[in-house]
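Here the sequence shown is numbered in my numbering, starting from 6 and rising by one per residue.
Data first, discussion second: the structure below is written as structure tokens.
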Amino acid sequence: MKVTTFAIKIWRWASLLFVIGALVWTYSLFPEMVAVDFADSGLAERYVDKGHIFYIVGGLFLLNNVVITSIARHIPNVDPTLLPILKRKEWAQHRTELNEHLTNWLFCLVAAINTIIGFSLLALATVNSSNFKLDVFDFSWLYYTSLVLVLVVFLLPLRLLWPPLKDDKL
């Protein structure tokens, strides 16, 4: 197992536990009506019932972790000439490396979405808490962190532009 494969698996499982923990913890902290939209002044404009937030996040969590993960598990069964990648014929000769790269990419996508959901829940809980003196503008870092995570995930397929070199063993 490569180091990157191991790191992505650890990140995926850690993000899975992070989202579950954040969801349970924030549900216990949320008031009945949770502020989810804020004006330019920082005051809350829209509220959502905490049960609705729980079910929305739970649905996103299941969709993310079940559907995308099952797609990743079926990558080895797909004919490489049918995959939407450039240089299919070259990659078909290196099927194990292609499978590992595509599976890692999908698992990385799952981990990034889980991480963004977890941090968003914690930020939402903090903004709605009366114990902290933070407002919505104190969490602008979440936008930039999410942007970097999504950018990294969508830059990973660039590796598919360069297929592995053939072994010159005779």
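All residues carry an ideal CB built from backbone N, CA and C; glycine is no exception.
These numbers come from a predicted model, not from an experiment.
Proximity to ILE122 across GLY47, ASN70, ILE90 and ARG51 peaks at ASN70, based on C-alpha coordinates. Per the DSSP secondary-structure output, VAL155 pairs with nothing in a beta bridge.
A Cβ-Cβ separation of about 19 Å leaves VAL39 out of contact with ILE25 under the 8 Å criterion.
The Cβ-Cβ distance between ILE73 and LEU111 falls below 9 Å. Counting only residues of its own chain and dropping the five nearest sequence neighbours on each side, PHE144 has a CB closer than 6 Å to the CB of ALA128.
Here SER20 has ALA116, ASN119 and THR120 as same chain residues with Cβ atoms under 6 Å from its own Cβ, once five neighbours each way along the sequence are excluded. Distance between LEU160 and LEU114, taken at the CA atoms: about 11 Å. Secondary structure note for ALA19: its alpha helix (DSSP H) is the uninterrupted segment 8-34. The three-state secondary structure of VAL83, taken from DSSP, is coil.
Measuring C-alpha to C-alpha distances from PHE124 to each of ILE13, PHE23 and ILE15 identifies PHE23 as the nearest. Exposed is the label assigned to VAL29, since fewer than 16 other Cβ atoms lie within 10 Å of its Cβ. LEU87 is not a Cβ neighbour of LEU165, given a cutoff of 9 Å. If you draw a straight line from the Cα of PRO85 to the Cα of ARG78, it comes to about 15 Å.
The C-beta of VAL132 has 16 or more other C-beta atoms within 10 Å across all chains shown, which makes the residue buried. Here ASP42 carries a strand assignment [DSSP, helix/strand/coil]. GLU50 sits in a strand when the DSSP states are folded into three classes.
Assigned with DSSP and collapsed to three states, GLU37 falls in coil, not helix or strand.
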